[in-house]
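Novice: At the far end of the sequence shown sits residue 224, using my numbering, and the numbering has no gaps. Okay, here's the structure, questions in a sec.
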Amino acid sequence: MSPKPVDKEEKRKIILDAALKVYKENGFSDSKVEDIAKKANIGKGTVYEYFRSKEEIAVKLIENSFNSQIQILKKIKIKEDPPLESLKSFISSLIEEVDLLSVIIPLHFEIWSGKKGKAMGLNKIMSERFEKLSFYFNRILNEGKTKNIFRKDLNRRTFISVVISSIDGIILYNILYKPKKSHIQTQLNELEKLLTYYLLPNKEENYEF
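Printed below as a string of structure tokens:
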């Protein structure tokens, strides 16, 4: 009986899932490739068939996490939903997997601050993430302006960078201080109210989320 063919993508996923657990338990600096191999129930050599180092594994986890954010954004029905509802969905989607982000964001900072970060393409990944987030957010803003819901004098590029930075700040705050999840939702609600107030030309109207 011939051996079962190896599904390389499935094997990569097993390694990445194991690495995420190891990094969460030990932290990136104290984690080793052999720890990941043990968690995945495979040999250390098998890990090296797919990844050259623990840094490369971490960068792939970061990239996958950001790509999953983009996939969530693609599901927003920008042309069909009211612009304010799309705005709410956009903000919520970026912090949807806060437990995963609590591991991914520290990984990003550890690698980015080291010598290997730029060489491993981390800056490129972050730049592409911003551009993709900006693309979808810009569509929401444009839809709101076209339908005469959002103000016409909006500097969209600046506004988008401020909003994305604010959301990333909320994520970082919650990683550092670990408040209750209800507090995260409260922060998001307040951000939504601030953005809505800024975007609407008629400030006398009251919009509730």
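Every residue, glycine too, gets a C-beta built ideally from N, C-alpha and C.
In three-state DSSP terms, what is R166?
Specialist: coil
Novice: Considering only their Cβ atoms, is the gap separating L116 from I126 smaller than 7 Å?
Specialist: no
Novice: Around the Cβ of P98, are there at least 16 other Cβ atoms within 10 angstroms (buried) or fewer (exposed)?
Specialist: Label assigned to P98: buried.
Novice: In chain order, what residues of the same chain have a beta carbon less than 7 Å from the beta carbon of R171, not counting five sequence neighbours either side?
Specialist: N153, L156
Novice: Just to confirm, are V118 and Y38 a CB contact at a threshold of 7 Å?
Specialist: Cβ atoms of V118 and Y38: closer than 7 Å.
Novice: Runs of 4 residues minimum, wholly inside the stretch 77–112: which ones carry the alpha helix (DSSP H) assignment?
Specialist: 98–108
Novice: Can you tell me the Cα-Cα spacing of T201 and L210, whole angstroms?
Specialist: 14 Å
Novice: Taking the straight line between their C-alpha atoms, what separation do you get for F140 and N79?
Specialist: The sequence shown places Ile at residue 140, rather than the Phe named in the question. So the alpha carbons of these two residues sit roughly 10 Å apart.
Novice: Consult DSSP for I119 and reduce its assignment to one of helix, strand or coil.
Specialist: helix
Novice: In chain order, what residues of the same chain have a beta carbon less than 7 Å from the beta carbon of L122, not counting five sequence neighbours either side?
Specialist: Y38, F43, A73, L76, I77
Novice: In angstroms, rounded to a whole number, what distance separates the CA positions of Q86 and F105?
Specialist: 11 Å
Novice: For K160, tell me which candidate among L214, L203, S149 has the shortest Cα-Cα distance.
Specialist: L214
Novice: Please name the residue, chosen from V48, L148, A55, that lies closest to Y63 on a Cα-to-Cα basis.
Specialist: V48
Novice: To which residues of the same chain is I93 closer than 8 Å at the C-beta, ignoring the five residues directly before and after it?
Specialist: Contacts found: S101, Y151, R154, I155, E158.
Novice: In three-state terms, what does DSSP make of F43?
Specialist: Looking at F43 - three-state DSSP - the assignment turns out to be coil, as it is neither helix nor strand.
Novice: Can you grab the Cα-Cα spacing for the pair I57 / I164, in whole Å?
Specialist: 56 Å
Novice: Taking 7 Å as the cut-off, decide whether the C-beta atoms of I179 and L148 are in contact.
Specialist: yes
Novice: Can you tell me whether F81 is buried or exposed, with buried defined as 16 or more other CB within 10 angstroms of its CB?
Specialist: buried
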